[in-house]
Each structure stands twice: as structure tokens, then as C-alpha cells.
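Okay, so here's the structure we're looking at.
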Amino acid sequence: MGIEGLDKIFNPRKIAVIGASNREGSVGYKLFRNLIGFRGFIYPVNPFSQSIQGVTAYPSIKKIPWQIDLAVIATPAHIVPEIVEECGEAGVTGVIIVSSGFREVGVRGRALEEEIQKIRSRFGLRIIGPNCLGVMRPSIKLNATFANRMAKPGHVAFISQSGAICASVLDWAEAANIGFSAVVSLGGTIDVDFADLIDYFGMDPETRSIVLFVEFISEPGKFMSAARRFAATKPIIAIKAGKTPEGMKAAFSHTGAIASDDLLYDALFSRAGVVRVETISDLFCCSEVLATQPLPKSPDLVVITNAGGAGVMATDAIILRGGRLARLSEKTIEELDKILPHYWSRSNPIDICEDASIERFRKTAEICLKDPNARGFLIIYAPVGEADPIETAKAIAEVFRGSDKPVLTCWLGEREVHEAREVFRRNRIPTYSTPEEAVAAFMYMYRYAKNIELLYEVPEEIRISPPSNKVRLREIIRRAVNEGRFMLMEFESKEFLKEYGIPVSETCIARSPDEAAEISSNIGFPVVMKILSPDITHKMDAGGVILNIYSESQARSCFLQIVENVKSKYPNARIYGVTVQPMIPREYEIIIGSKRDPVFGTFIIFGTGGVHVEVFKDIAVGFPPLNQALARRIIEKTKVYETFSRGFRGLSLANLKSVEETLVRFSQLVIDFPEIAEMDINPLAVTLDGVIALDARIIIDAERVKGELKPYEHLIIRPYPTKYIVEHVLKNGSKVILRPARPEDEPLIIDLFKTFSAETMKLRFFKVVKEINHYTVARYCNTDYNREVTIVAETESQGKRILMGMANLIVQPDGKSSEISVVVGDPWQNRGLGSIMIDHLIEIGRDMGQKKLFGEFLAENKKIFHILQKRGFKIKRVDEETYLAELNL
778 MGIEGLDKIF NPRKIAVIGA SNREGSVGYK LFRNLIGFRG FIYPVNPFSQ SIQGVTAYPS
838 IKKIPWQIDL AVIATPAHIV PEIVEECGEA GVTGVIIVSS GFREVGVRGR ALEEEIQKIR
898 SRFGLRIIGP NCLGVMRPSI KLNATFANRM AKPGHVAFIS QSGAICASVL DWAEAANIGF
958 SAVVSLGGTI DVDFADLIDY FGMDPETRSI VLFVEFISEP GKFMSAARRF AATKPIIAIK
1018 AGKTPEGMKA AFSHTGAIAS DDLLYDALFS RAGVVRVETI SDLFCCSEVL ATQPLPKSPD
1078 LVVITNAGGA GVMATDAIIL RGGRLARLSE KTIEELDKIL PHYWSRSNPI DICEDASIER
1138 FRKTAEICLK DPNARGFLII YAPVGEADPI ETAKAIAEVF RGSDKPVLTC WLGEREVHEA
1198 REVFRRNRIP TYSTPEEAVA AFMYMYRYAK NIELLYEVPE EIRISPPSNK VRLREIIRRA
1258 VNEGRFMLME FESKEFLKEY GIPVSETCIA RSPDEAAEIS SNIGFPVVMK ILSPDITHKM
1318 DAGGVILNIY SESQARSCFL QIVENVKSKY PNARIYGVTV QPMIPREYEI IIGSKRDPVF
1378 GTFIIFGTGG VHVEVFKDIA VGFPPLNQAL ARRIIEKTKV YETFSRGFRG LSLANLKSVE
1438 ETLVRFSQLV IDFPEIAEMD INPLAVTLDG VIALDARIII DAERVKGELK PYEHLIIRPY
1498 PTKYIVEHVL KNGSKVILRP ARPEDEPLII DLFKTFSAET MKLRFFKVVK EINHYTVARY
1558 CNTDYNREVT IVAETESQGK RILMGMANLI VQPDGKSSEI SVVVGDPWQN RGLGSIMIDH
1618 LIEIGRDMGQ KKLFGEFLAE NKKIFHILQK RGFKIKRVDE ETYLAELNL
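Residue numbers (my numbering): 778 to 1666.
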């Protein structure tokens, strides 16, 4: 339901507390007591009391003579469904259930939740809880919790699944002088979840950053969609409880055995632009620095300190967290030589010595700020020497005022530096108690910058032709299921890879020793033999693989040896012979795999492969669909990237192109076949000339094969919507293809913008866009297809692809209405293209289940007025310059 109805929870005028009590110490007592002072009206509901804490009580919510916005329920669990029903009948929109006794107590509690769900759906209620602490909105003095204290007003929205963590954070935040725009305890998450609240606080003017304490995410796709929408404008910081899994279920493929739940959360947060931190204190340190400082362009930090030991501590922290000490330029060193003692370190960290004055701090910072190698600054002060802590803080704040480089400070000590820290807070400069905390905050900033960069990165185009014979591939799957097999044999699995353009080693089947010898001779020695059995998953472990076979006689004996090895270990296994393949020389071995998780859908793993894959566990995880940029980021998280960048065995980063392409092709295979439960290529051999899949296995989900398959139900990210690709003929007879934009289209969209006259710019954007660059157009081609579709009109001119126009459909937070817009480049106007694109947007809106389309346009835009009016849009004037057009679908 998105944000619909949430304003009644976070900005209510009238609140009813059901279960309000006069009994001190009870939840109902604390709830009502905490609401006294709310800037609205509160009504206690208790059938056994005439008044609660001096306020007239009502026997039920239906007896309150005014319309209630928010009902807070604190009653025994077994009567909560009845109360929720009464709330619905009374026209209440928002409900908070603080009562416990639901799913956490077992089957009986789950039944109560299911009953509440049905009632909620019937009345369209929005519910937070059950089993939660409640919510706070300090700016309006809303404290609908049973916590012991009210949060201070601020600009951080804190959302937690744990009520106990909420209460603890409130206590900690008061001492740390941290304020909140809202505090929300989600509890059992029967309705309102993280995604809904990210959508709500993403648009909340009071909120500058969103902080999450996560125990689980039940709908990762919904979460990613919401987080991606706001991550670039409002930092989202998360801590995930339970990093160490208790155990992993037995898995058939290598992929299943090495991918952990925590890796999936890492991949989810990274793809969504969310910063993941390690501790609760990191949550708020990171929130402050991201909301107040510019982002670093690289992890190169300059450390300036009057305490050498503290500089060493900072250095250790930087290196351990993957950062770098900025390399000072020769010019910077020369300038520093003029103002620092002759025995200064002449390197970074810059030890300006214990006797440093305020002026020495100031001059050092000013000189280093001009160094192009410096991307961020950490100023560490120890209360020694003559420099006053407060005046030094003022000097540093003055130096960095208006700087486009981030600065963090660490004033060591407590009593002597307390007021100096207040100076920094007033100047919106983050300050920390230890160098390690400051470095951690800087590296979180850099990680956030990289995540946001990834959201809008322009990938190199990898063109993948649609597979010519999907029907044949699905027949392979059906045949296997009909034969009672859930695992495809190697040669069958390789058919899928070949169809998607992934090179595979030649594979021949030998049913006897003599046939093995003949095939080996025809292929050319050396060869490798592998057992051919639908019952053997890990062939090497079963003794079913022999490498480096150099003669026909050896081929015969190896055939017999393999069969004997497998029979001794798996006497009931079906053995169909062996496969014979050429022995491929390779420089490196990689694994690429996929597995379907019941919550996260199908995910992709990548890392160091070969027989020791489960030992090294050098892997990274990502979610399909992938493009070249996303594939590269996955690779960069493993030692594979380091190996290539260091030139191992003659390999270089240039060799990664074929690996990236293979990942993208593999991703498309995963997208197209939801019947695949698990799949891996291990090893994928990397040679100086490219890649080749030496072994592959596919495990089938027989239930999905037999049942009805819904497109992309196995994915948490909607792939490129090919169904929105259509072809039209314009008035002049030229052909145009309307299709959804892709990240790879950015250069073409920039070229389209260059064809806009000042008038066209004004009619579309209500102003003239003076600078056309990556940031201007990135949002149009890096879209979440569940929330926004940019349609481009493509044609061909002189052998080059060009764009003639662009149209947008943006789903609103209510999920029911969409804003539309359209623009045509000046050379292609008056050909009917604008009308065609509007018609296409209307069809897309219907397909996406939208109830209404709307758009604003300038009164002088007569063309769009007539186009929209002709299609049934109701048009009304907003002001002297603007019209609003609306169409009910």
C-alpha cells in the first residue's frame, strides 16, 4: 500500500488509546502518560473506567463522537482482532498495536495475525506492529510509545524492528545529543514495513537521513525499490543483526554451499545504495557525517595532528578499512616546510608536533586543502601545548567553511574539549572521540559515494541476441523431469550456456572403454574424462574425474577406473558412461553460479573457482539483471579482480572484459528460466584469449516445471521490460522504435538533449537546462522499472542509432497514479511522434495497474493541450502559467 494512510499515523490530529490505564507501571498507563502534551487531541478508551489520568474515558472507539485518525492498541492479544474491526467500522485509518502475544508465541499467535490481516484488507487500515514499542514524532510532541523518555527533535528517522533496541537508542541518543524527526518500532511488521517508511520519510521535509536496525527483510524487492528511489538524496544507513548464520542447509551445487544469508543482505544494501555499518554508534555517526559533509571522490585521507601516536592509530584504521593515506604533492610539502619545524614528518599523517599553535593548525589545513590529492581530512587535536581547544576548533571550522571536501575532527579527551566539540556541532562538522571512529565514518562516506555512483554508472553496452531456441531448452528440462531427474547432465547444461553465447569445452559421450579411446584420439590428446551420471553432483569427490590423459590405452584404463571409483562410493548411482573433453590450458579458474532463495529470489555468485571453491570461499553475490558495470562491481569484491590487476600469469584487466560479458550473459539465462533452482559453471577457465566453461550443472525445480510460471516471479528486481518495445511509422513514412531506456543509453540521451532549442527546453522542463551532463540525464536511463519507465524513440540515421524523443511515466508513492511527460527533439517535431508516445504511456499505465495519469504543462504549450484533450484528459488551469491534465484509466 506504500505511503497511503501513513500521514494519519505520523501527523494525526486525534488519537485514541485503547487499553489506556490508571495502573502505574502498566503499558496502557505509560502510553497515555507519554501522549499528554501532544499537539492534538487524545481520547482514552477503557470500558471499566470513567476517566484515565484525569481525562474522560470512552467504553469503545465507536463511542467517541469525533473522527479518530490514529488508534493505539494496548490490550491482551486475544481481543485485538475485535478491536481492529471496531477501528475499521469507526473509520480509523492508522493503527499501532503495541500488544504482544502474536507470532512470537506460536501457532495461536499466528492465527490472530492472520485474522487481523483480513480485517486490515477489508477496511484499508494501515497498521504498525504488533508487539512494538510504538512511534514518536518529536516535532509535534507525538510520543505514542511506552518508552521512558521522549526523543529530542532532529533530522534522523530511526526505524527498528526491535523495540528493546529503540528504547536503548533513545537513552544513548539523549546523552549524545542526537535528535530525531521520527522514531518507529516496527515489531511484527504485519503491514507497514521498512519500504513503506523509506518512501514516507524519503519525502518528509524534516528528515535528512534514514537509519535502520534490521533483523529481517521479508520483501527484498520492495525494499530495494524504495531505497534506490531516495538513497541519492537522503542517506540510508542500516545495521543488520545476526551476521553469523547458525548453520546452512545441505546444498547440491557449489553455489548453494558457499553463499550465506549475510552476503545476500550485503548485496541487497549495496545495490540499493544503502550504507551498511557494524555498530549502533556507527549508525548515528555515519548519519551525521553523510547529512552534513560533501562526499569524498576517493578514499584518500589527509590526517593532521599534534599527537604522533594518534596519527599512527588513524593510519592503522585507514589501512585496515581499505582506505588510503593521501600522497602529498611536492608543492604541498614545500609549503609545509616553511611553516612546520624542520623535524616534521614530511609525509601523511602530518604530525605538526605537540607545541603546535592555533596558527600552525590553521596554516597546515589551508595548505593541504589546496592539494588535489587530498580527498578528505581528519584533524586530530590532543590537549597539549599552547593551542586552546575551543579557539583551534573555531579556526578549523573557518578554514573548511564552504569546502567541497569533507572534514572530520577528533578532539581527544573529554572535559577539556567538550565545548570545542560544541563548536564543531554548531558548524555542522562531525566530531569524534577516537581516531578509529572518525576513520570509520570517512570510509562509510566513501562506501556510500561508491554505492550512489553505481546507481548511476554508465555501463559499456553488451549486446545479447535473444536465444534462438528456448523451446528446445525447455524440452530438455521437461524430458529430465519426466525421467525423474532433477539435475541435468553436464552436456545438457552446456546446451543452455551455448545458447546464451557462453563458450563451452567440446563434450563427447563414451559408453565403453574402446569408444573412450577412439573419441580421445579424435579430439586430440591430452583429454579429461568425467563420469556421466544423473546421480553424481560433485564428480571430483566421487573419484569421477581424471585429468591429463595422453594415450588411447590410458583412455581405456581411465574409463574403467572412473566407473569403478564411482560404483565403490555410490553403488546405486546410474552410470551412463563418461564424457571426454579436451584438456584446456588456463591461467585462472572462476566459478559463476546461481541459486534461488525463498526470500531473496534468484541470486548470482562469482569468485575463485576450481576444486577448492568451498575452502577459499572467495565469492561475491549480486542480483540479476546485470549489466557490464554491475558485473564489474561484483568482480571487484573478490580476489579475482586483484589477481587480474596485478598481472597474474600475463592476465590483465583487459581479460576481465570476457568475464564481465559472461556474467551478463549468465544473468540473462537466469532471468529467462525460473525453472532453474541452482546452476553453476565451475570452473570457468580464463585464458589469455577469453573464457571457456569446462564444467556446468543445472538443478531443476520440478514443481515450477509442472506448475504455472509467472514471468520474473523468481527475481527481486524487475528486468528490462521488453514487452514495451513497439515499432511505429511516422507521418513522413520513417520508422521509429519506442522502447524503455537502459543505463547504456546515456550518451544517446545527451545527444537528444543537444537537439532541444531553448523553447523546447522550457516547454518540457519549465526552464532552460543550461548544463547537460551525466547528472542531468542519469535519472532518465537508470530507472526502477516498477516505479518509472522512460520511453525513448529510436531511429537510425547514416548507420548510427539516434533518439528522436523521450517520454516518462513516474509512479507516485500512492502506487495508483503516475505523472507523465513527453518531449521531441526539434528536428523531428510535427511528425506525430509526441502523440504516439503519449498513447504508448497510456497503454503502459494500464499494464502497470495505474488508476490515473496526470501531467502539468505550460499554458503556452498548445500542441500538448490538443494532444491530451483529444485523448480524454480533463484539463484545468492551475495558475496563470500552468495547466494540469488528468486521465482516469
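For glycine and all other residues, C-beta sits at the position ideal for the given N, C-alpha and C.
First and last residue of the alpha helix (DSSP H) that includes residue i?
| i | result |
| --- | --- |
| residue 1063 | 1057-1069 |
| residue 1195 | 1195-1203 |
| residue 1585 | Segment 1577-1588 is the beta strand (DSSP E) holding residue 1585; no alpha helix (DSSP H) there. |
| residue 1145 | 1135-1146 |
| residue 1174 | 1166-1176 |
| residue 1002 | 997-1007 |
| residue 1554 | 1551-1558 |
| residue 975 | 971-979 |
| residue 1612 | 1610-1624 |
| residue 1161 | No alpha helix (DSSP H) contains residue 1161, which DSSP labels as neither H nor E. |
| residue 1255 | 1247-1259 |
| residue 1228 | 1212-1232 |
| residue 810 | 804-812 |
| residue 1500 | Premise fails: residue 1500 is in no alpha helix (DSSP H) and is neither H nor E. |
| residue 815 | Neither: residue 815 is in no alpha helix (DSSP H) and is coded neither H nor E. |
Name the DSSP beta bridge partners of residue i, please?
| i | result |
| --- | --- |
| residue 1632 | 1662 |
| residue 1045 | Note: residue 1045 sits in no beta bridge, so no partner. |
| residue 1153 | 1078 |
| residue 1456 | 1371 and 1475 |
| residue 1090 | For residue 1090, which the question treats as bridged, DSSP gives no partner whatsoever. |
| residue 1667 | What is shown of the chain runs 778 to 1666, which leaves residue 1667 out entirely. |
| residue 871 | 847 and 903 |
| residue 1596 | 1587 and 1631 |
| residue 1039 | BP columns for residue 1039 are empty, so no partner. |
| residue 1264 | 1476 |
| residue 888 | Answer is none; residue 888 lacks a bridge partner. |
| residue 1127 | 1081 |
| residue 1010 | Note: residue 1010 sits in no beta bridge, so no partner. |
Write down the C-beta distance between residue i and residue j rounded to the nearest angstrom, noting that I regard them as a contact closer than 8 Å.
| i | j | result |
| --- | --- | --- |
| residue 1518 | residue 1557 | 6 Å |
| residue 1129 | residue 1141 | 5 Å |
| residue 969 | residue 905 | 5 Å |
| residue 1221 | residue 1555 | That pair is no contact at about 23 Å. |
| residue 1667 | residue 1515 | No information on residue 1667 is available, as it lies outside the stretch 778 to 1666 that the chain covers here. |
| residue 1265 | residue 1477 | 7 Å |
| residue 908 | residue 871 | Rounded, the Cβ-Cβ distance is 17 Å, inconsistent with contact. |
From which residue to which residue does the beta strand (DSSP E) around residue i run?
| i | result |
| --- | --- |
| residue 1505 | 1503-1506 |
| residue 791 | 791-795 |
| residue 879 | No beta strand (DSSP E) contains residue 879, which DSSP labels as neither H nor E. |
| residue 1571 | 1565-1574 |
| residue 821 | 818-822 |
| residue 1015 | 1013-1017 |
| residue 1184 | 1184-1188 |
| residue 1325 | 1322-1326 |
| residue 777 | Only positions 778 to 1666 of the chain appear in this structure, which leaves residue 777 out of reach. |
| residue 1468 | 1467-1470 |
| residue 959 | 956-962 |
Check whether the Cβ of residue i lies closer than 8 Å to any Cβ atom in chain C.
| i | result |
| --- | --- |
| residue 1203 | Considering every chain present, this structure includes no chain C. It has just one protein chain. |
Q: Could you pull out every unbroken beta strand (DSSP E) segment of at least 3 residues lying fully inside the region 1386-1434, listed in chain order?
A: Listed in chain order, the beta strand (DSSP E) elements of length 3 or more contained wholly in the region 1386-1434 are 1396-1399.
Q: Could you tell me whether the region 931-940 touches the region 882-899, using the rule of 3 or more Cβ pairs below 8 Å?
A: As far as the Cβ criterion goes, the region 931-940 does not touch the region 882-899, which means the pair count is below three.
**Q.** Contained alpha helix (DSSP H) runs [length at least 4] in the region 1510-1539, N- to C-terminal order
**A.** Whole alpha helix (DSSP H) segments, 4+ residues: 1523-1530.
Q. Quick one: complete alpha helix (DSSP H) runs, 4+ long, within the region 1341-1393?
A. Annotation note: the region 1341-1393 contains the following uninterrupted alpha helix (DSSP H) runs of length 4 or greater, listed N- to C-terminal: 1390-1393.
Q) Touching or not, the region 1618-1631 and the region 1585-1592, by the rule of three or more beta carbon pairs under 8 Å? A) Contact between the region 1618-1631 and the region 1585-1592 is present, because at least three Cβ pairs lie under 8 Å.
(Q) What ranges does the beta strand (DSSP E) occupy inside the region 896-932, keeping only unbroken runs of at least 3 residues that lie completely in it? (A) When DSSP assignments are scanned along the region 896-932, the uninterrupted stretches of beta strand (DSSP E) that are 3 or more residues long and fall wholly within it turn out to be 903-905, 911-914 and 919-922.
Q. Could you give the uninterrupted runs of the alpha helix (DSSP H) lying entirely in the region 1267-1314, keeping only those of 4 residues or more?
A. If we require 4 residues or more, the alpha helix (DSSP H) runs fully inside the region 1267-1314 come out as 1267-1276 and 1290-1300.
Q. Three or more beta-carbon pairs under 8 Å between the region 1049-1064 and the region 1081-1098, yes or no?
A. No, the region 1049-1064 does not touch the region 1081-1098.
Q) At a cut of 8 Å, does the region 1249-1264 reach the region 1190-1199 through at least three beta carbon pairs? A) Taking a contact to require three or more Cβ pairs closer than 8 Å, the region 1249-1264 and the region 1190-1199 do not qualify as touching.
(Q) Quick check: the region 1309-1318 against the region 1377-1384, are at least 3 beta-carbon pairs closer than 8 Å? (A) Segments in contact, no.
Q: Please confirm if the region 1154-1174 is in contact with the region 1077-1088, defined as three or more CB-CB distances below 8 Å between the two stretches.
A: Cβ pair count under 8 Å is three or more, so yes.
Q: Check whether the region 1406-1413 touches the region 1432-1439, taking contact to mean three or more Cβ pairs, one atom from each stretch, closer than 8 Å.
A: Verdict: yes, contact present.
Q. Any contact of the region 1169-1189 with the region 1145-1153, i.e. 3+ C-beta pairs under 8 Å?
A. The answer is yes - the region 1145-1153 touches the region 1169-1189, with three or more Cβ pairs under 8 Å.
Q. Taking one C-beta from the region 1274-1289 and one from the region 1314-1328 each time, how about it: are there three or more such pairs within less than 8 Å?
A. The region 1274-1289, when compared against the region 1314-1328, does not touch it at the 8 Å Cβ threshold.
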